[in-house]
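To start, the structure itself, in structure tokens.
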């Protein structure tokens, strides 16, 4: 073949190219981001709306149906499903495979904005639009426990949360299991009934008193000052002095008709470690960031913060997803080294030393080329890629052995340096990788996102059953 003939005529260029491949491969392997899962586009967008205390039938009528009616006009939609539960409406929009998920999310957001006029005016929160992303899975959890109240454990966790979120590559640190402070205003029904005052006026009186009021500006001399009236509550005792309403020219304070309690919100999550109460920080990383580096930085931050906390506070690291990635990377390196040794030993025994070296070089050079290609295609070193590389290692040397044995046969027949005998089997040898790529490229949608890196990595491992390999 032309490539073989050019390589034999330009040996210095080939040697320089081999050195370049080694340098580029080692650099790309060292800088490739490690992740647990590939960055797969899931063509689903979810619209979640909360409306506490409302029956499922009313949620469907007031929220789910108006949102569905607007979403039906979106293009590239394959299916729309909805679920209405007590106080919760969830609408799942499935788009066609290959759609731009950012475009899809924007379309859904625009339609939900149009539906807001048809939704109840007293919704506590606006509908939440979310896409499915593997980056939303926590890479590690930091669990705090010890002989402290949940409120104090949460305070420790909040201090640690600020430190972890400052780490480059960390997207968020979600806190669960703690208690959030909340001021309860409990009305005395008998007193409210005696005054014959509607609850809406009492609630609006509390809301009006807990705001900061802008007062415009004031010119004093040559200076101009901004005026504001800070009326937000700094202490629960201030709520007692709120004027709830006026009766017969006399103010009736909130303390006359209600009791103020400094309490906590009803917990939505609970965290336990070995049966003991705890507070958990779930650390999420940004898409494309190195999971090994991020988890190492989190562990280092925890060690730096430990001396600042009481000695009785216990901090445990759980659900470390980098452990599996480290294990797969270690298996890959071990398979490369063991494959080199075994190939050298077997080929050296049956063919000879020089042929054994040529065939054994196929393993590291194929890996170096693959790492460079992965970097060029912006593919991370995730579990799918690592599994594919380990699988392909067993297929690497097959065609090398066949081609080297063919050259060795020609040399035994008296041809000193056959310039193109290796090219006789290049076409048959290339059919195996092409068949393997077609196999891994089958499927569409989510499945194709998993199989595409497998086909790319499997190209380096020729098949065993191509013509001429017997």
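Residue numbers (my numbering): 875 to 1344. All C-beta atoms, glycine included, are put in the ideal place defined by N, C-alpha and C.
Fill in: When 898, 1184, 1214 and 1197 are compared against residue 1247, the one with the closest alpha-carbon
898
Worksheet entry | Residue of 982, 1078, 940 and 1018 minimising C-alpha distance to residue 989 | 940
Worksheet item: What's the gap between the Cα of residue 890 and the Cα of residue 900?
Response: 16 Å
Practice prompt. For the alpha helix (DSSP H) holding residue 1173, just list the boundary residues, first then last.
Written response: Where residue 1173 is concerned, the enclosing alpha helix (DSSP H) stretches over 1165-1179.
Worksheet item: If we ignore side chains and look at the alpha-carbon of each, how far apart do residue 1066 and residue 929 end up?
Response: 28 Å
Practice prompt. Look at the alpha carbon of residue 951 and the alpha carbon of residue 983, and state the distance between them as a whole number of angstroms.
Written response: Residue 951 and residue 983: Cα-Cα distance of roughly 14 Å.
Worksheet item: Within the chosen definition, does the segment 994-1010 reach the segment 913-920 through at least 3 CB pairs nearer than 8 Å?
Response: At 8 Å Cβ cutoff, the stretches touch.
Item to complete: Using only alpha-carbon positions, find the residue among 1041, 1175 and 1131 that is nearest to residue 1073.
Response: Nearest C-alpha to residue 1073 among 1041, 1175 and 1131: 1131.
Worksheet entry | Span of the alpha helix (DSSP H), counted from its first residue to its last, around residue 959 | Run containing residue 959: none in the alpha helix (DSSP H); it sits in the beta strand (DSSP E), 951-959.
Worksheet item: Which class does residue 1076 belong to by DSSP, given the choice of helix, strand or coil?
Response: helix
Fill in: Beta-carbon spacing of residue 1013, residue 1158 below 8 Å
Cβ distance < 8 Å, so residue 1013 and residue 1158 count as in contact.
Discussion item. My assumption, with CB atoms under 8 Å, is that residue 1199 sits in contact with residue 1165. Please give the rounded CB distance.
Written reply: 6 Å
Worksheet item: Okay, do the segment 921-938 and the segment 878-888 touch, 3+ Cβ pairs below 8 Å being the bar?
Response: no
Item to complete: Pull up the distance between the alpha-carbon of residue 1035 and that of residue 1155, whole angstroms please.
Response: Approximately 7 Å, taken between the alpha carbons.
Discussion item. Rounded to the nearest angstrom, what separates residue 932 and residue 998 at their Cα positions?
Written reply: 16 Å
Worksheet item: Thinking just about the alpha-carbon of each residue, which of 1235, 1283 and 1284 is nearest to the one in residue 893?
Response: Taking only the C-alpha atoms, the option nearest residue 893 is 1235.
Practice prompt. Can you check the segment 984-1049 for any beta strand (DSSP E) of at least 3 residues that lies completely inside it and give the ranges in chain order?
Written response: 1002-1005 and 1014-1019
Discussion item. Could you tell me the alpha carbon to alpha carbon distance between residue 1257 and residue 905, rounded to whole angstroms?
Written reply: Between residue 1257 and residue 905, the alpha-carbon positions lie close to 16 Å from each other.
Fill in: Assigned exposure category for residue 879 - 16 Cβ within 10 Å defines buried
Answer is exposed; the Cβ neighbour count stays below 16.
Practice prompt. Compare the C-alpha of residue 1178 against each of 953, 1041, 946 and 1231 and name the closest.
Written response: Ranking 953, 1041, 946 and 1231 by Cα distance to residue 1178 puts 1041 first.
Worksheet item: By the 10 Å Cβ neighbour count, where 16 or more other Cβ atoms means buried, how is residue 1115 classified, buried or exposed?
Response: exposed
Fill in: Opposing strand residues paired with residue 1159 [DSSP bridges]
1044
Discussion item. So for residue 1093, helix, strand or coil by DSSP?
Written reply: DSSP places residue 1093 in strand when its eight states are reduced to three.
Practice prompt. Evaluate the contact criterion for the segment 1135-1148 versus the segment 1052-1062: three or more CB pairs, one atom per stretch, below 8 Å.
Written response: Contact annotation: the segment 1135-1148 touches the segment 1052-1062, with at least three C-beta pairs closer than 8 Å.
Item to complete: Kindly give me the distance between the Cβ atoms of residue 1187 and residue 1030, rounded to whole angstroms, as I take these residues to be in contact under 8 Å.
Response: Rounded to whole angstroms, the Cβ separation of residue 1187 and residue 1030 is 6 Å, and the two are in contact under 8 Å.
Fill in: Residue from 1228, 1240 and 1255 whose Cα sits closest to the Cα of residue 1278
Per the Cα distances, 1228.
Worksheet entry | Inter-residue spacing [alpha-carbon to alpha-carbon] between residue 961 and residue 1211 | 58 Å
Item to complete: Kindly indicate the opening and closing residues of the alpha helix (DSSP H) around residue 888.
Response: Looking at the DSSP string, the run of the alpha helix (DSSP H) that includes residue 888 is 885-905.
Item to complete: Work out the CA separation of residue 944 and residue 992 for me, nearest whole Å.
Response: In a straight line, the C-alpha of residue 992 is about 10 Å away from that of residue 944.
Practice prompt. Return the CA-CA distance between residue 1045 and residue 1038, expressed in angstroms with no decimal places.
Written response: 10 Å
Fill in: Same chain, Cβ closer than 8 Å to residue 824, five either side skipped, listed in chain order
Limits of the chain in this structure are 875 at one end and 1344 at the other, which puts residue 824 out of reach.
Fill in: Alpha-carbon to alpha-carbon, residue 1214 and residue 1239
11 Å
Worksheet item: What residues in its chain sit with their C-beta under 8 Å from that of residue 970, if we drop five residues either side in the sequence?
Response: Excluding sequence neighbours, residue 970 sits near 917, 950, 951 and 952.
Discussion item. Pull the bridge partners of residue 1197 from the DSSP assignment, please.
Written reply: Paired residue(s): none; residue 1197 is not in a bridge.
Worksheet item: Is it buried or exposed for residue 1121, if we count other Cβ within 10 angstroms and need 16 for buried?
Response: exposed
Worksheet item: Whose CA, out of 963, 1221 and 1051, lies closest to the CA of residue 1140?
Response: 1051
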